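Just below is one structure, and these are the notes that go with it.
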Amino acid sequence: MTTEKMTVHKALCELKTLDARIQKSIQQGTFVFANKHSNNKVAGVSINTYSEEIRAAYQSAKDLIARRDAIKRAVTLSNATVKVTIGGKEYTVAEAIEMKNHGIPLKQLLLKKLDNDNRRARLEADKNNGDMLEMRADEYVKSLYGNVDMKGASDEIKKVRADFIAAQTMEIVDPINITTELTALEKEINDFVVEIDSALSVSNALTELEIAY
């Protein structure tokens, strides 16, 4: 059995090259062949020598796969147990990686939707209130009473106009207190994004693995 120690950083670097080495070893190897009984040589060497080369190439491929599996297994186990603190919250390395790859993009999607909905609602309210609503109220009164000078209008007409404005005023319905949610969500995302890469780099540089295969 082979046993050695390495940092997670070194393990990850080696994993990047091992897959390519394994594929090359498999694709370039010939592990069984057909040969005429009368041929004593293959590729310029004896059949025994060539067979030894095949066995060595096959063992090399198996050894590379075993090493890759052992390193990957050690990294996976380490990621499931070693913890990092990001944005004031504690995660295992595996949880932090999952959050970076999937959780944060979903939170960013939610943040964008909240912001768009908030802007759209306030824009619609602003557009339909104020001067626009005053003009509509005047048109409504005109449709009922004809041209009326509101300065000298009766209390009844003024009330009709005021009631129209009250009924037609656009209000923001905010069940989730969206401004507070936007601020909190944006801070959570920013704190994580700013710290995640350095936290993982430090952890990978300091965490040592034992590889056995």
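Each number in the numbering used here comes from the position in the sequence shown (counting from 1) with 101 added on.
Each residue gets a CB set at the ideal place from its N, CA and C atoms; glycine is no exception.
Note that the structure is predicted; figures quoted are calculated from it, not measured.
- Put simply, of ALA157, THR280, THR108 and ASN141 the residue whose alpha carbon is nearest the alpha carbon of ASN219 is THR280.
- Of the other Cβ atoms in all chains shown, 16 or more fall within 10 Å of the Cβ of ALA171; this residue is therefore buried.
- Between the C-alpha atoms of ASP250 and ILE258 there is a straight-line separation of about 10 angstroms.
- From the listed residues LEU283, VAL109, VAL194 and TYR159, the smallest Cα separation to LYS125 is found for TYR159.
- Around the beta carbon of ILE187, a 10 Å sphere encloses 16 or more other beta carbons of the protein chains shown; the residue is thus reported as buried.
- One Cα belongs to GLU115, the other to LEU210, and the distance between them is close to 35 angstroms.
- Look at the beta carbons and you see the segment 149-167 not touching the segment 263-279: under three pairs across the two are nearer than 8 angstroms.
- Straight across, the Cα-Cα distance linking THR103 with TYR314 is about 5 angstroms.
- VAL176 is a Cβ neighbour of LEU113, given a cutoff of 8 angstroms.
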